[in-house]
Amino acid sequence: MTALNRKLLRDLWHVKSQVLAIVLVMASGIATFLMSVSNLDSLTATRERFYLEYRFADVFATLKRAPLSVGADIAEIDGVGAVELSIQAPMRIRLEGFADPVRGTLISLPDIGAKQLNRLYLRAGRMPEPYAQNEIVLGEAFATAHGLHPGDQLSGVVGGRIEDYQIVGIAISPEYVYQIQAGAAFPDFERYAIAWISRRALEAAYGMDGAFNSVALALAPDAHTERVIERLDPILEDYGGLGAIGRVDQLSHKFLSAEFDQLKTMATVFPAVFMSVAAFLLNVVFSRLISTQRDQIAILKAFGYSHAAIGWHYVSMVGVVIALGSAVGIAGGIWLGRALGLLYMSFYRFPYLDFVLSPTAVAAAIGISLAAALSGAAFALIRAARLPPAEAMRPEAPPRYRNSVLERVLPRRWLDQPTRMILRQLSRRPAKAVFTVLGIALAGGVLTIGMFQQDALNFMVDQQFALAQRNDLSVSFVEPEGYDALAEIRTLPGVIAVEGVRDVGVRLRAGPRSVLTGLQGLGNDSSLKRVLDVRSKPQALPTGGLLLTEYLAQMLNVRRGDRIEVDELQGARRHFSVPVDGTVREFIGINAYMELDALNTLLGEGERVSSALLQIDPPYVDEVYRLLEDRPGVAAVGSRKAAIQNFYQTMAESLLTFTFIATLLAGLIAFGVLYNTARIALGERGRELASLRVLGFTRGEVAYILVGELALLTFAAIPVGWVVGAGLVQVIVRGLQTELYRVPAYLSTETLASATVVVLLAALISALIVIHRVRHLDLVEVLKTRE
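This is the structure we're talking about:
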C-alpha cells in the first residue's frame, strides 16, 4: 500500500462521523431514486405483460342494445383485429353482515371457449360450467374486501329479479386492474363488485337474448385508434352508442397512467434535493479537511508529489464516499422498491409483480451521485491541487479583527465575551455562515415537501366535500326523470332538502382539441352543489354559456369568450355551440357546468333531471339510503361520507405511502446537515477552544460558543427553509396535475411547525453530541503542534 493510500484511510477514519453522515444522505437520494424508478419500471412492465398475455382491448364502446349480427359490420372496419361482444348488467348485491347496499356489474362470458379479449386470470377456483345459470366468477378486489372464497354464495338483483349465485372462482381482469365504478372519483372495494357469468344466464336475466351492449376491439399493429373510432361510432349510433373510446381513456388504464405520472415526478424531485444536500456537505467537509491539511499538502509537494497525484488523492477520498453511499443506497433502494411494489399490488389488481431494476437506473443513480459529489468537492479539490508548497507551509492568515454589527449597535454590557466571540466568528466568515444557513434551510425544505401532502389532501376534501358538495346522499336515476321525482324523494323520512342535477356525457371540441367529459346542469339557487371560483366563493351559473374547470379549460386551450362545440353522446345526440363564460376551481375530475333550465332547453327534453342531491337529518341517513336502493328507477346511491373515506384510503395507499418514506429520509438528511455543521465547527476550532479552556473559560462557556453559533444559524435558516419548502412544493405539484385530480400547493402552519420542530430536534441532538465531545476534550493532545 502506498503512502498516499495509507494517508487516505487515516484521513477517512479521522472524519468518519462526517463521512457517515454524507454517506447516509447520498444513500437516501440513491435509495429514493431507485425506489421510484424500480417501482415505475416494475409496474409498467407488469402492466404491459398482463395486457399482452390476457389481451387487453384497444377500443371500448357501450350502447343500449344491438343484435349480435352487428358484430360482423364491426369486424369489417379496416384495422380491427378482433371483436368481443358482451353484455354488461347492473347488479345489486346483498351480503349478510354488511348493512350498506352494494352495487356491481355483471359481465357475460362465452358459453363455450374463452374470451377473445380482456381474458380472466383465475386467482382461485374455476370458470363457470358451460351454460351454467347461477355460477359466477367474482372480482378479487371485492372478494378480498369481504373475505369471500370459491364455494361461498351471494344474492343479487339483476333485471328486477333476485338470484342466488354460487361463487366458483376469484379472478382478475386487465379491464379492471384499477376497479372503480363509472362516475366515481375513487374506488370502493367494499361497495362495488365486478363479476362474470355465462352469456346464456345473463341473456335470460337481463332480457338481452341475441344482443349485446358492450364491445371491445383489438386493433391490427398498424391501425390508428382514432380512425377506427370514427368508423365504429356511426355503426353504434342507431343502437344508443355512447361514443367509443381508446385505451388511453379507458377508466382503469387512465387511473393507472395518472399514478405512474406521479411516480415520475417523485422520482425526479426528491432525489435531486437529496443529492444537492450531499453535494453541499461534501463541499463543506472537504474544504475544511484541505484547510487543516495545508502543511501536509506542502510537504507532499516538497517531496516530489505532482499536482495530479495530490488531486487524485482527494478525488479518491470522494470516490470512497460515493462507493459507500452507492452500496447502501442501492441495497436500500432494492429493499424499498420491493416493499413498495408489494404494497401497490394490494391496490392495483395485477396477478403478479415483475420486479425490474434496470442496470441503466443503477448506472444513472451512481452517475448522479458521482456528479453531485464531484461538483460539491470540486472547489476544494482544485484548491488542493493548485496550492503552492511555500504558501501551504504558512498557516492561513487570521481574519482581520473587527467588532460585529451587533457589538456596534447594542450596549457592550448586554453581550458577554463568549457571545461576542460567536458574533465575530459569523461576521468574519459570512460566506460560510450563508452556506450553512442554506444547507439547514434545504434540509427543512425537504421535510416540508414530505409533509405537505397531508395538508393538500385535507384542503382538497374541505373544498370538494365541505364548500362545494354539501349533500349527504346523491341519487342517480336509470333514465332522466321529471321534476316530480324530486318531490317524491322529498316525502321520504328525514329528508330536509332535494336538488336536481342534469348529467350529460358530452364531447367538448375546440379546434383540433377534444375531451370526453360530463356536462352538469345545476339550479342557480342550488345550495347542496356549488361551483367555486379561485377564491373559493360560490359562482353563479350562466344561462347562455358554460363554466369549465380550470384544468379542462387548459386541456381545450380556451378562455372566457371563446366558443366550443358540444356533442351530446346520448339521447338525441344534439350538437350545439356555446361560449365559455368562465372557469371554476375543482381539484377532483374535470367538468363543465350550465344552469339547469338552460341545459334542458338546449337538449330539448323539457324539465328533466338525471340525479338528485339530498340533505338528510343525520338519524335518517341509513334508512333513506336503503329506501332509495330498493327503488327500481334508481341506478346508484352515493354517500358523501363514504366518498371521503375512499378518498383518504386511496391517497394513503398511493401518494402518502411514498411521501411517508421520503419524509423519514428527509429527517435523516436534516440530522446529517446539522450534525456535520456542528462537527466541522468543532474540528475547525478545536485548538482555539482548547486554548480558551487553558485561559480559564469553563466547559460550559466553551460549549456555549459552539452551540450558540449553531443555534443562531439554525434559527436564521428556519424562515429560509419555509421559503425553500414552498418553492419545492410548487415544483412537485406541477407534476401532480392530471384529469383525475390536481394536488394543490397548500401548506398549513402545522406542517411548517412540524418541519421546524424536526430541524430543532436535529440541532439539539447535534448540540448534545458536541457538548459531550467538548467536555471530554484532551487539551494536551489538541494543543500539540502537528509534525
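Going by numbering that gives the first Met the number 0, the sequence shown runs without a break in its numbering and finishes at 786. The C-beta atom is built at its ideal place from N, Cα and C for all residues, glycine as well.
Do you know offhand how far residue i's Cα is from residue j's?
i	j	result
Y343	F259	11 Å
F185	Q468	16 Å
T418	G707	8 Å
A257	D40	15 Å
L11	M316	7 Å
G522	F59	34 Å
L250	A363	34 Å
G581	L62	33 Å
R427	D294	23 Å
G499	V608	6 Å
S747	A710	25 Å
I770	L688	12 Å
K6	V319	13 Å
S16	V773	16 Å
T45	A338	16 Å
S275	A371	7 Å
Exposed or buried, what is residue i when buried is set at 16 or more other beta-carbons lying within 10 Å of its beta-carbon?
i	result
P350	buried
E139	buried
T447	buried
I421	buried
S286	buried
W721	buried
E594	buried
G150	exposed
S535	exposed
D208	exposed
Q178	buried
L435	The sequence shown places Thr at residue 435, rather than the Leu named in the question. The residue in question, T435, is buried, as its Cβ has 16 or more Cβ neighbours within 10 Å.
E75	exposed
A486	exposed
V445	buried
S473	buried
In this structure, what does DSSP give as the bridge partners for residue i?
i	result
D99	In the DSSP output, where bridge partners are listed per residue, D99 has none listed.
Y164	L153
T548	V583
Q180	DSSP output for Q180 lists no bridge partner at all.
E83	A215
V276	DSSP output for V276 lists no bridge partner at all.
W195	I106 and V136
E480	V608
V599	Before going on, a small fix: residue 599 reads as Asn here, not Val. DSSP output for N599 lists no bridge partner at all.
I92	V101 and G155
L521	V500 and E594
L472	L613 and S638
I171	Y120
Going by alpha carbons, who is nearest to residue i out of the options?
i	options	result
V756	G443, A123 and T359	G443
A669	G517, I439 and G581	I439
L531	R423, G493, I587 and T748	I587
L601	A611, L681, A204 and G520	G520
R9	Y313, L339 and V445	Y313
Y550	I111, V533 and D471	V533
I731	G449, A677, L763 and Y347	G449
R91	E628, L598, Q152 and M207	E628
A360	T713, L705 and V36	V36
E134	A81, A194, T697 and V176	A194
S475	A635, L507, R630 and G560	A635
Y175	M207, S68 and I106	I106
T43	L255, E52, D232 and D187	L255
F269	A761, V24, Y647 and A641	V24
A123	G146, I309, Y740 and N117	G146
D72	Y191, E189, V227 and L19	V227
Q553	S85, V579, D187 and D77	V579
A65	A30, V79, R741 and D237	D237
Original post:
Taking contact to mean at least 3 C-beta pairs separated by less than 8 Å, is the stretch 540-559 in contact with the stretch 612-621?
Top reply: Fewer than three beta-carbon pairs drawn from the stretch 540-559 and the stretch 612-621 are found closer than 8 Å, and the two stretches are therefore not classed as touching.
**OP:** Could you tell me whether the stretch 506-516 touches the stretch 616-630, using the rule of 3 or more Cβ pairs below 8 Å?
**Re:** With the rule of 3 Cβ pairs closer than 8 Å, the stretch 506-516 does not count as touching the stretch 616-630.
Original post:
Is the stretch 163-181 in contact with the stretch 120-139, if contact means three or more CB pairs nearer than 8 Å?
Top reply: Touching, yes, given that three or more Cβ pairs across the two stretches are closer than 8 Å.
Original post:
Should the stretch 456-470 be regarded as contacting the stretch 478-491, the criterion being three or more beta carbon pairs within less than 8 Å?
Top reply: As far as the Cβ criterion goes, the stretch 456-470 does not touch the stretch 478-491, which means the pair count is below three.
**OP:** May I ask you to verify whether the stretch 543-552 touches the stretch 487-495, counting CB pairs closer than 8 Å and requiring at least 3?
**Re:** No, because fewer than three Cβ pairs between the stretch 543-552 and the stretch 487-495 fall closer than 8 Å, the two stretches do not touch.
Subject >> Cβ contact check for the stretch 219-226 and the stretch 185-202: 3 or more pairs under 8 Å >> reply: The answer is no - the stretch 185-202 does not touch the stretch 219-226, with fewer than three Cβ pairs under 8 Å.
Original post:
Are three or more beta carbon pairs between the stretch 146-156 and the stretch 81-99 nearer than 8 Å?
Top reply: Contact between the stretch 146-156 and the stretch 81-99 is present: 3 or more CB-CB pairs across the two stretches fall below 8 Å.
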